[in-house]
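Protein chains in written order, with the working numbering: chain V, 173 to 298; chain D, 2 to 274.
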């Protein structure tokens, strides 16, 4: 191959530079988000693992059930505590600080839900 | 040989026709009715007996003439609890409940030789919550729909802001958010004076309208406007399908009119003039 003495080292250098961000961060998962849990409440509407993965599904189910089917607005946790099936009036009653709860994971995962374009977050957290 | 070929061609032709016609025939037979007309017909021959609730309202205009300012109080109460923005100009106006002159509320009625008192008489008006809502038929995303209790409701999450419903509504009961309702005007005054933390706002680019206070009915309260007008008995709210409800009794004993009944939307709002 013509000019292999220059091409191959240049290619290696190019690949090394291109992948440098990966090498730089290899073996480091980054700082895990630590959403602040409410202090006065210990039980959520569903198990924590389900809430972590599927809270958005639950919110959509609540919305469709209540808006379209006139579903119950009050739910009960496994231990029998009543809660309001609503983001604004239910979730945010316990998780009253959006910045310390919602935003920590959402910014880590780089998701931008548009809940707060319409729903109002608790005043003290704004 | 010839006759066999003829038979083959006949069978092939029939098969082809059946193959083409069958799917469309099935579709016609199995197709459901359009959503907007799925509810029980309000009148007409062989109408099904009404089942379930159908919320409606009687607006006693006389009571509002006797109590000037009451209509405005109703509007304020409604717009405050529902975070309805006030953009400060007619063009961008958002209205769930509003006051309009008699000749604009009932343009199809003859205005000829009417008493002077009727000319420009302010009348409170709102979404008719039609039995056959044209807005529901027009909505391409099912963002607006008719609930089992007769309320024509909206899911703002699904609204794409196409404004077909606004074109379809014959009563002008729908408003479009041309501007961000959470924003401020040039003087720094927020469009929503005091946000009600219990109810969401809307965002720019969606249509909104009266929801007959669905969220209040769910917790056993009456609509906000009805509550404000309750002392003067200006608004009577209730189940039109229940023959013993107050509203049914009022409708039985008083002469009422509806907005443009001839177009067949079957409004759930009735006016005593």
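For glycine and all other residues, C-beta sits at the position ideal for the given N, C-alpha and C.
Per DSSP, residue 66 of chain D is not a residue of any beta strand (DSSP E); the alpha helix (DSSP H) it occupies stretches across 62-67.
Under DSSP, residue 240 of chain D shares a beta bridge with D:56. When CB distances to chain V are screened at a threshold of 7 Å, the residues of the region 147-166 of chain D falling below it are 148, 149, 150, 154, 156, 157 and 158, in chain order. Shown here, residue 95 of chain D sits in coil according to DSSP, grouped into three states, outside any helix or strand. With a 10 Å radius around the Cβ and a threshold of 16 neighbouring Cβ atoms, residue 189 of chain D comes out exposed. With respect to chain V, the C-beta atom of residue 219 of chain D has a partner C-beta closer than 8 Å. Along the region 235-247 of chain V, going in chain order, the ones with a CB nearer than 7 Å to a CB of chain D are 235, 239, 240, 242 and 245. Counting along the chain, no beta strand (DSSP E) covers residue 191 of chain V, and no H or E run does either. At a Cβ-Cβ threshold of 8 Å, residue 101 of chain D and residue 142 of chain D do not count as neighbours.
When Cβ pairs closer than 8 Å are counted between the two stretches, the region 273-284 of chain V is seen not to touch the region 214-222 of chain D, the count staying below three.
DSSP places residue 272 of chain D in the strand class (E or B) of the three-state scheme.
Interface criterion not met: the Cβ of residue 231 of chain V is under 8 Å from no Cβ in chain D. Contact annotation, residue 229 of chain D with residue 78 of chain D: C-beta distance approximately 5 Å; criterion of less than 8 Å satisfied. In the three-state reduction of the DSSP assignment, residue 198 of chain D falls in the coil class. Contact of residue 260 of chain D with chain V is not assigned, every C-beta pair being separated by 8 Å or more. Interface criterion met: the Cβ of residue 295 of chain V is under 8 Å from a Cβ in chain D. Exclusion of the five residues before and after residue 197 of chain D leaves 82 and 84 as the residues of its chain whose Cβ lies within less than 6 Å of its Cβ.
With distances taken between CA atoms, residue 224 of chain V lies nearest to V:207 out of V:238, V:233 and V:207. Collapsing the DSSP output to three states places residue 292 of chain V in coil. The region 269-278 of chain V makes no contact with the region 242-251 of chain D, as fewer than three CB pairs between them are under 8 Å.
If you check each beta-carbon in the region 197-209 of chain D against every beta-carbon of chain V, the ones closer than 7 Å belong to 198, 199, 201, 202, 203 and 204. Listed along the chain, the chain D residues whose CB falls inside 9 Å of the CB of residue 221 of chain V amount to none; the nearest CB is some 26 Å away. Shortest Cα-Cα distance from residue 103 of chain D to any of D:92, D:117 and D:95 involves D:117. By the Cβ-count criterion, residue 207 of chain D is buried, with 16 or more other Cβ atoms from all chains shown falling within 10 Å of its own Cβ. Collapsing the DSSP output to three states places residue 280 of chain V in a helix. Taking the Cα of residue 239 of chain D as reference, the smallest distance to any Cα among D:58, D:30 and D:8 is reached at D:58. Taking the beta carbon of residue 292 of chain V as reference, the chain D residues within 7 Å of it are 196, 198, 201 and 202, listed in sequence order. Straight-line measurement puts the Cα of residue 242 of chain V at about 22 Å from the Cα of residue 264 of chain V. With respect to chain D, the C-beta atom of residue 269 of chain V has no partner C-beta closer than 8 Å. Remark: C-beta atoms of residue 234 of chain D and residue 64 of chain D approach each other more closely than 8 Å.
By the criterion of a C-beta distance shorter than 6 Å, residue 258 of chain D is surrounded in its chain by 272, once the five residues flanking it on both sides are discounted. The C-beta separation of residue 72 of chain D from residue 108 of chain D comes to about 19 Å, leaving the pair out of contact by the 8 Å criterion. Residue 261 of chain V reaches chain D at 199, counting residues in chain order whose Cβ is nearer than 8 Å.
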